[in-house]
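Below is one structure, written out as structure tokens; comments come after it.
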Amino acid sequence: MTDYTSGDRVCIDIPDKQDADHDRYHRQKGTIVEVLADDAGQTTGDERDSFLYRVELDDGGTVDVRWRDIRPVPNS
71 MTDYTSGDRV
81 CIDIPDKQDA
91 DHDRYHRQKG
101 TIVEVLADDA
111 GQTTGDERDS
121 FLYRVELDDG
131 GTVDVRWRDI
141 RPVPNS
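Each residue of the sequence shown is one higher than the last, beginning at 71 in my numbering.
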């Protein structure tokens with residue numbers, strides 16, 4: 071079961087400033103355009119890790135992230 075689906079608006083949330091992706095993606099907003107599956111959940115023991123979310127960012131780029139790196143964008 072995934073936390074998010076295609077079409078969901080999300081904000082990238084990478085609070086660790088030491089993370090290589092922090093400066094580039096933290097606080098960027100976008101829309102999930104695809105949900106991919108892999109076997110990472112078997113390695114980590116957390117089923118949610120088996121899903122990779124492809125996010126089309128508002129600036130036109132795309133990034134693939136796990137559930138822990140995104141948050142829903144609140145309705146405004």
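Built from N, CA and C at the ideal position, the CB exists for glycine as well.
Item checked: Sequence-distant residues of its chain with Cβ nearer than 8 Å to Gln78 (five each side left out) -> In the sequence as displayed, the identity of residue 78 is Asp instead of Gln. Answer for Asp78: Thr101, Ile102 and Pro142, listed in chain order.
Next item on the list: Could you check if Ser76 is buried or exposed, using at least 16 other CB atoms within 10 Å of its CB as the buried criterion?
Entry: exposed
Note to self: Is it buried or exposed, Asp139, if we count other Cβ atoms within 10 angstroms and call 16 or more buried?
What the structure shows: buried
Notebook entry, point to check: Residue range of the alpha helix (DSSP H) that Tyr95 falls in?
Noted result: His92 to Tyr95
Check: Where in the segment 74-141 do unbroken runs of the beta strand (DSSP E), each at least 3 residues long, occur, reported from the N-terminal end onward?
Finding: 79-82, 99-107, 121-127 and 132-135
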